[in-house]
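Trainee:
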Amino acid sequence: MKKIFKKEFKRNDLRNLFLYGYKEHLEKASKELEITTQPTPHMRWNPSRQEWVTYSATRKVRTSFPPQEYCPLCPGAELNFPTEIPFKNFEIAIFPNRWASFNKNNKQMSIEGLKSQPSNGECEVVVYSPNHKDTIAQMSIERIELLFNAWSDRYINLMKRDDIKYVLPFENRGVECGVTLHHPHGQIYAFPFIPPVIQKEIEAFRKENFIEKLMKNLEQNYYVFQDDYVIAAIPPFARYAYEVWIIPKRRLAGPWQFNDQEYNSFAIALQKVVKGYDDFLGRRCPYIMGLHAAPTLDDTNFHFHMEFYPPLRHGDKPKVLAGSESMAGVFIMDVLPEETAVELRKFMS
Ligand SMILES: [Zn+2]
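Those letters in the sequence shown? Residues 248 to 596, per our numbering, in order.
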């Protein structure tokens, strides 16, 4: 594994911007964005669904942002306006989201008859590349390995904090999934509680490792890509026609436990999946992608995996979460995962 450098740059708002790279980052900073007013989000308990909802209604207008034709995630020193990354160049950058839904601002709300509490935690932006037009489908495998290493480092540091109970790196891709900035990037949400979907998974893995139990079947019938260490497959229980999971073949709590070979295999698999989706659709495929890791660094039950939900049914017809899915949480499928796996395998293997 090549040596990885990490630079911590203290921003003008005293928060840290992290730069990860194979080369040491020695460049001096150019003009930074103005200090923005921090949002003061809070959470309210939804007693009907028994889950938290977070409210960040005080999100201020983006006053200090560069004009629309300038991308706020491009390297700022090359532009006439400051951006989030005040340098000429970088490899991967991670910094606090200025419009966080979870932060340390500790706003107390009181709503009669309802439980509420401050939205502690952290929200970060992960910029995959300095190149505006890059996508995971075209990046070098080395760069994607660096991305996994950066995720591991953020997991390790965020999970040490007492106010954080779960760390979720994710990516929304495409306008269909609500993205307005096309610069390749994802986010990290560090929640002050274990989110309900993850809580269910933790309980499932505590009962049995359902991934291990399915592995042989995935390897034979449901894979879209695999090597000796990693498998990408449409799970036989998928809720989206083209849902793909990328899974290490041995149980690992999270990417922080990868060996060099697994970093490499995961980078290759991630690229195969994203490029395969794009080739399959004949355009940049929209998706929601998330890393599902254990809630603690030394967990011994949870089996790490990445999940992709492209909002598609039958090729490019959009999947809408309608009555049954939204109101009852019951997904209605009109294609079988064993069929869509064969379809996607042609583009991903
Ligand atoms: Zn850009």
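Cβ atoms here follow ideal geometry from the backbone N, Cα and C, with glycine treated the same way.
Where does S387 land, buried or exposed, given buried means 16+ other C-beta within 10 angstroms?
Mentor: If you number the sequence shown from 1, residue 387 lands on position 140. That one is exposed.
Trainee: Would you kindly report the start and end of the unbroken beta strand (DSSP E) that includes K254?
Mentor: Position 7 of the sequence shown, counted from the first residue, corresponds to residue 254. K254 -> beta strand (DSSP E) spans 252-257.
Trainee: Comparing the CB of L264 with every heavy atom of ligand 1, is any distance shorter than 6 Å?
Mentor: For this step, residue 264 is matched to residue 17 along the sequence shown. Every heavy atom of ligand 1 is 6 Å or more from the Cβ of L264, so no.
Trainee: List the DSSP bridge partners of Q434.
Mentor: Counted from its first residue, the sequence shown places residue 434 at position 187. In DSSP, Q434 forms a bridge with V372, F417.
Trainee: For Q518, count neighbouring C-beta atoms within 10 Å of its own C-beta (all shown protein chains included) and say buried if the count is 16 or more, exposed if not.
Mentor: In the sequence shown, counting from the first residue as 1, residue 518 sits at position 271. The residue in question, Q518, is buried, as its Cβ has 16 or more Cβ neighbours within 10 Å.
Trainee: According to the neighbour-count rule (16 or more other Cβ atoms, all chains shown, within 10 Å of its Cβ), is D546 buried or exposed?
Mentor: Here the question's residue 546 lines up with position 299 in the sequence shown. Burial call: buried.
Trainee: Between K351 and the rest of its own chain, which residues show a CB-CB distance below 7 Å, the 5 nearest in sequence each way excluded?
Mentor: In the sequence shown, the residue the question calls residue 351 occupies position 104. The answer, listed in chain order, is N367.
Trainee: With C-beta atoms as the reference, is P322 less than 7 Å away from K335?
Mentor: Here residue 322 corresponds to residue number 75 of the sequence shown, with the count starting at 1. Here residue 335 corresponds to residue number 88 of the sequence shown, with the count starting at 1. Their beta carbons are under 7 Å apart, which means P322 touches K335 by this criterion.
Trainee: Could you work out which residue in Q297, K593, R390 is closest to Y267 when comparing CA atoms only?
Mentor: Position 20 of the sequence shown, counted from the start, is the residue given in the question as residue 267. If we check each option's Cα against that of Y267, R390 comes out closest.
Trainee: Quick one: Cα of S446 to Cα of G360, how far?
Mentor: For the purposes of this step, residue 446 is taken as residue 199 along the sequence shown, with counting starting at 1. For the purposes of this step, residue 360 is taken as residue 113 along the sequence shown, with counting starting at 1. The displayed chain sequence assigns Gln, not Ser, to residue 446. Taking the straight line from one Cα to the other gives about 26 Å.
Trainee: Identify the continuous beta strand (DSSP E) that holds P365 and give its terminal residues.
Mentor: Looking up residue 365 in the sequence shown gives position 118. Taken as a continuous stretch (DSSP letters only), the beta strand (DSSP E) holding P365 covers 363-365.
Trainee: Do you know offhand how far M574's Cα is from V477's?
Mentor: Start at 1 with the first residue of the sequence shown, and residue 574 comes out as number 327. Start at 1 with the first residue of the sequence shown, and residue 477 comes out as number 230. Going by the C-alpha atoms only, they are around 36 Å apart.
Trainee: May I ask you to report which of helix, strand or coil DSSP gives M462?
Mentor: Along the sequence shown, read from residue 1 onward, the residue named residue 462 stands at position 215. Reduced to three states, the DSSP call for M462 is helix.
Trainee: For ligand 1, is there a heavy atom less than 6 Å away from the beta-carbon of L326?
Mentor: The residue given as residue 326 occupies position 79 in the sequence shown. Not under cutoff, so the answer is no.
Trainee: So, helix, strand or coil for L266, using DSSP?
Mentor: By one-based count along the sequence shown, residue 266 stands at place 19. It is a strand residue.
Trainee: Would you identify the three-state DSSP class for Y524, choosing helix, strand or coil?
Mentor: As a first step, residue 524 must be located in the sequence shown, where it is residue number 277. DSSP places Y524 in helix when its eight states are reduced to three.
Trainee: So the alpha helix (DSSP H) Q446 belongs to, where does it begin and stop?
Mentor: Here the question's residue 446 lines up with position 199 in the sequence shown. Here the alpha helix (DSSP H) through Q446 covers 443-454.
Trainee: Let's see if you can read the secondary structure: which residues bound the beta strand (DSSP E) around W492?
Mentor: Numbered from its first residue, the sequence shown carries residue 492 at position 245. Start and end: 491-495.
Trainee: Tell me whether the beta-carbon of D507 lies closer than 7 Å to the beta-carbon of M290.
Mentor: The residue labelled residue 507 in the question sits at position 260 within the sequence shown. The residue labelled residue 290 in the question sits at position 43 within the sequence shown. No, the pair does not count as a contact, with Cβ atoms beyond the cut-off.
Trainee: Near ligand 1, which residues have their beta-carbon closer than 5 Å to a heavy atom?
Mentor: Listed along the chain, these residues meet the criterion: C318, L320, C321, H379, H430.
Trainee: Between which two residues does the alpha helix (DSSP H) holding T242 run?
Mentor: Nothing about residue 242 can be read from this structure; the chain reaches only from 248 to 596.
Trainee: Give the secondary structure of P584 by DSSP, where H, G and I count as helix, E and B as strand, and everything else as coil.
Mentor: What you label residue 584 is simply residue 337 of the sequence shown in a count that begins at 1. It is helical.
Trainee: Pop quiz: F452 and H550 are said to be a contact at Cβ under 8 Å. What is the actual Cβ separation, rounded to whole angstroms?
Mentor: Counted from its first residue, the sequence shown places residue 452 at position 205. Counted from its first residue, the sequence shown places residue 550 at position 303. Going by Cβ atoms, the distance from F452 to H550 rounds to 6 Å, so yes, they are a contact pair.
Trainee: If you draw a straight line from the C-alpha of V589 to the C-alpha of D525, how long is it?
Mentor: Indexing the sequence shown from 1 puts residue 589 at position 342. Indexing the sequence shown from 1 puts residue 525 at position 278. Computed Cα separation, rounded: 16 Å.
Trainee: Determine, using beta-carbon pairs with one atom in the segment 421-437 and one in the segment 280-287, whether at least three such pairs fall under 8 Å.
Mentor: Cβ pair count under 8 Å is below three, so no.
Trainee: Restricting to Cα atoms, I'd like to know which of I383, Y402, K454 is closest to N419.
Mentor: Locating residue 419 in the sequence shown gives position 172, where the first residue counts as 1. Per the Cα distances, I383.
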